[in-house]
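Structure, as structure tokens:
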Amino acid sequence: MTKTNFNIPLSGDRSMPIEGFDTSLHLKHAADQAKARGFDRFPIIDVDSHHYETESFSEILEYLDDPVLQQLAKTASASRHGAFGMLPGNIGYQDMGGRVARYPLRQLEKTGPEAHRDITLTKRWMDALAVDIAILFPTPMLNLGLHPQIEIEVALSRAYNRWLTEKILPNDPRLRSMLYLPFNDPQATYEMAKEFAGKPGVLGFMVTATRNRAVHNDAYMKTYAFLEEAGLPLGFHASYNWNDQTMAMMNKFLSVHALGFAISNMVHLTNWVINALPVRFPKLKVIWIESGLAWIPFLMQRLDHEYYMRKSEVPSLTRPPSDYMREMFYTSQPMERPNDIRELEQTFRMINAPTQLMYSSDYPHWDFDVPSVIYDLPFLSEEDKRAILGGNAARVFNIDIKEKLAKSI
Amino acid sequence: MTEVFVAKTGEMASGDRRIVSHAGVEVGVFYWEDTYYAYSNICLHQGGPACEGLLMHQVQDVLRPDRSFKQQKFSETEINFVCPWHGYEYDLKTGRVVADPARRLKSFPVHIRDGNVHVDIN
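Sequence lines, in order, name chains V and Y.
Per the numbering used here, the first sequence runs over residues 748 to 1156.
Per the numbering used here, the second sequence runs over residues 58 to 179.
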């Protein structure tokens, strides 16, 4: 049920009563930017955005096959006011003490009966940002790979994938996803990919990067081979884990968020390239999601430096690691904006951004990027801007988009 | 320069703000401790509605005499408004970006005349 008001606690014993929230109003300036820049002239595909699947958790639990697990989950969720009994908890302050007010106010937003609330809310921000097609990922489930009960990750991710492909994606062609793979169970990962490949709206599969599993384990080879054969991209979606021993040395959310999202993907990418998976699966499209961009030049230089000295450890690689990395794909958000724009230009050059970079908003999360973040870059041509904002994703995911789908607001 | 009506005097309590616009220019007018402040409502970061977010006092570290960390506190005098998109904080009294004081929002003059508050928008 939608709440009708919320009182945001402020500094100095003050508070701010709020009686409503409207995504379209919240993002009106993004819509103004879209009009001013003519975003109606070309498609925009958002390769990393989110919904809050826990808002539909009672629906998702209906898709659990195991009746005992289902009963357990329903009870735990009901008594804890949400999904918290089922999902691994994560310390965090995404809303910055309410400063990013859409977090607490989201619950006030009104939607009608014409569509699932998830669809209505998603399309509101998509229209404001002039996004035609969005790839949706979950939010709390990004940490499901840390669940100590592997069978829970398998069961819950399958229930989520079923819910998503039966209740959400078939009801609006603008919404797509790369489905969650329960990577802690390699056999279940393979079976999940086989079961859901080809379902409406499924553009590929996604591994949440906060987990302690090596991507080069032989048990995953048949999944990679299947995805390569099917032409379905594999994405690694970063996050942070404050309970990780390295992260636990840091005392600020800023620190953990800044490093956690980069390190989780740096570890997996290093294993991916050093174990010659690009050589073994040359046609498998791999996407590194939500780690920003600044880490890529660092890792390229670091791995290349050691490669030339320690070639005997990587006999299957015929080229330096950075060469393979330049053939991988990256999503743009959260795109670091250095004071010296030449630093960003150098990063774009090093990763072959005009063909390998794909715009992502990460909306509604606290550090989302509007499309103008890409469009306003002074060193990109109009052709390159359009490629990054939509053309590259259309090619990578084989999306046939002939007309603008976003509605001007 | 166009004079745009904001509110009647006494209508805004300390901490209130109004968003007014003229010819496509949006301005946020704040009333805080007997003074009006007016700034562009376009955040310098990604263009969010900078003046529509929360008013929060500046957070400060409190160190002990030996320079070890004791706690944090809210300033009693420094107050910021926060862009609701990403949390960019602006000093309410200057419009400067708290994290980068070299940058500031465009400010607009506020006048009180005949019991009405107006802001000049050019």
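We treat Cβ as the ideally placed atom computed from N, Cα and C, and that holds for glycine.
Computed from a predicted structure; not experimentally measured.
Based on the DSSP secondary-structure assignment, which residues constitute the bridge partners of V/LEU1127?
None; V/LEU1127 has no bridge partner.
Using 8 angstroms as the threshold, is the segment 1134 to 1147 of chain V in touch with the segment 1094 to 1109 of chain V, meaning 3 or more CB pairs across them?
Segments in contact, yes.
Can you tell which of V/GLY978, V/PRO1068, V/TYR987, V/ALA1041 has the C-alpha that lies nearest to the C-alpha of V/TRP1019?
Selected option, being the one with the closest Cα: V/PRO1068.
Mind checking which residues open and close the beta strand (DSSP E) that includes V/VAL1020?
The continuous stretches of beta strand (DSSP E) do not include V/VAL1020, which lies in the alpha helix (DSSP H) extending over residues 1000 to 1021.
Measuring straight from C-alpha to C-alpha, what distance separates V/LEU774 and V/ALA875?
For the pair V/LEU774 and V/ALA875, the Cα-to-Cα distance works out to about 6 angstroms.
Neighbouring residues, chain Y, relative to V/ALA848 (Cβ below 7 angstroms)
Going along chain Y in sequence order, the residues near V/ALA848 (Cβ under 7 angstroms) are GLY110, LEU111, PRO141.
Which residues, in chain order, does the segment 89 to 109 of chain Y contribute to contact with chain V at a C-beta distance below 9 angstroms?
Those would be ASN98, ILE99, CYS100, HIS102, GLN103, GLY104, GLY105, PRO106, GLU109, in chain order.
For Y/ASP114, decide whether its Cβ has a neighbour in chain V, counting only Cβ atoms nearer than 9 angstroms.
Note that residue 114 of chain Y is His in the sequence shown, not Asp. Y/HIS114 counts as touching chain V.
Thinking C-alpha only, which one of V/MET939, V/MET997, V/GLU1037, V/LYS914 is nearest V/THR886?
Nearest of V/MET939, V/MET997, V/GLU1037, V/LYS914 to V/THR886, Cα basis: V/GLU1037.
Taking DSSP as the reference, what is the three-state secondary structure of V/GLN1048?
Helix, per DSSP.
Consult DSSP for V/SER771 and reduce its assignment to one of helix, strand or coil.
If DSSP states are grouped into helix, strand and coil, V/SER771 belongs with the helices.
What are the boundary residues of the alpha helix (DSSP H) that V/ASP874 is part of?
Looking at the DSSP string, the run of the alpha helix (DSSP H) that includes V/ASP874 is 864 to 876.
Any non-hydrogen atom of the ligand MN within 8 angstroms of V/ASN988 CB
For the structure depicted, the ligand MN is absent and the ligand set is empty, with no information on it obtainable.
Whose Cβ in chain Y lies nearer than 7 angstroms to the Cβ of V/SER758?
Neighbours of V/SER758 across chain Y, judged by C-beta separation under 7 angstroms: MET113, HIS114, PHE131.
Might you give, ordered along the chain, the residues of its own chain that have their beta carbon closer than 8 angstroms to the beta carbon of V/ASN964, omitting 5 neighbours on each side?
PRO933.
Which whole-angstrom value is the C-beta distance of V/ALA862 and V/MET873, which I expect to be below 8 angstroms?
At roughly 13 angstroms, the Cβ-Cβ gap does not stay under 8 angstroms, so V/ALA862 and V/MET873 are not in contact.
Beta-bridge pairing of Y/ASP73 - partner residues as DSSP gives them:
Paired residue(s): none; Y/ASP73 is not in a bridge.
Does any residue of chain V bring its CB to less than 9 angstroms from the CB of Y/GLY85?
Judged by the 9 angstroms Cβ criterion, Y/GLY85 is not in contact with chain V.
Along chain V, which residues have their Cβ under 8 angstroms away from the Cβ of Y/GLY172?
By Cβ distance, chain V contributes nothing, its closest Cβ being about 27 angstroms from Y/GLY172, past 8 angstroms.
Using C-beta distances below 6 angstroms, list every residue in its chain close to V/ARG909, excluding the 5 sequence neighbours before and after it, in chain order.
Around V/ARG909: TYR810.
Roughly how many angstroms separate the alpha carbons of V/THR970 and V/ARG1057, rounded to a whole number?
Going from the Cα of V/THR970 to the Cα of V/ARG1057 covers about 29 angstroms.
Within 9 angstroms of any Cβ in chain Y, is that where the Cβ of V/ASP1114 sits?
Closer than 9 angstroms to some Cβ of chain Y, the Cβ of V/ASP1114 qualifies, so yes.
Verify the CB distance criterion: does V/VAL1120 have a CB-CB separation below 9 angstroms to chain Y?
Cβ-Cβ to chain Y under 9 angstroms: yes for V/VAL1120.
Let's test the definition: count the other Cβ atoms within 10 Å of the Cβ of V/PRO1111 and tell me whether it reaches 16, buried, or not, exposed.
By the 10 Å Cβ count, V/PRO1111 comes out buried.
Report yes if the C-beta distance between V/GLY836 and V/SER824 is below 9 angstroms; otherwise report no.
No, they are not a contact pair.
Alpha carbon to alpha carbon, what distance is there between V/LEU893 and V/TYR1164?
This structure does not reach residue 1164 of chain V, given that chain V is present from 748 up to 1156, and the question cannot be answered.
Taking the alpha-carbon positions, what's the V/LEU819 to V/SER1002 distance?
Just so you know, the alpha carbons of V/LEU819 and V/SER1002 end up roughly 36 angstroms apart.
How many angstroms separate the CA atom of V/ASP760 from the CA atom of V/ASN998?
Within the model, the alpha-carbon separation for V/ASP760 versus V/ASN998 is close to 26 angstroms.
Of all the options V/TRP1035, V/MET994, V/TYR799, V/GLN896, which has the alpha carbon lying nearest to the alpha carbon of V/MET953?
Residue V/TRP1035 is the option with its Cα nearest to V/MET953.
Output needed in chain order: residues of the segment 834 to 848 of chain V with a Cβ under 8 angstroms from some Cβ in chain Y.
So the close ones are MET843, GLY844, GLY845, ARG846, VAL847, ALA848.
Listing by chain order, which chain Y residues have their CB less than 7 angstroms from the CB of V/MET763?
The answer, in chain order, is LEU111.
Taking a contact to mean a Cβ-Cβ separation below 9 angstroms, would you say Y/GLN115 touches Y/TRP142 in this structure?
No.
Just list the alpha helix (DSSP H) runs in the segment 1027 to 1093 of chain V, keeping only unbroken ones of 4 residues or longer that don't cross its boundaries, in chain order.
Runs of the alpha helix (DSSP H) inside the segment 1027 to 1093 of chain V: 1042 to 1056, 1068 to 1072.
What residue range does the alpha helix (DSSP H) around V/MET939 cover?
In the DSSP annotation of this structure, the continuous segment of the alpha helix (DSSP H) that includes V/MET939 starts and ends at 933 to 943.
Helix, strand or coil for V/ILE897? Go by DSSP, reduced to three states.
Helix at V/ILE897.
Would you say the segment 797 to 816 of chain V touches the segment 1123 to 1130 of chain V, given that touching needs at least three Cβ pairs under 8 angstroms?
No: fewer than three Cβ pairs fall under 8 angstroms.
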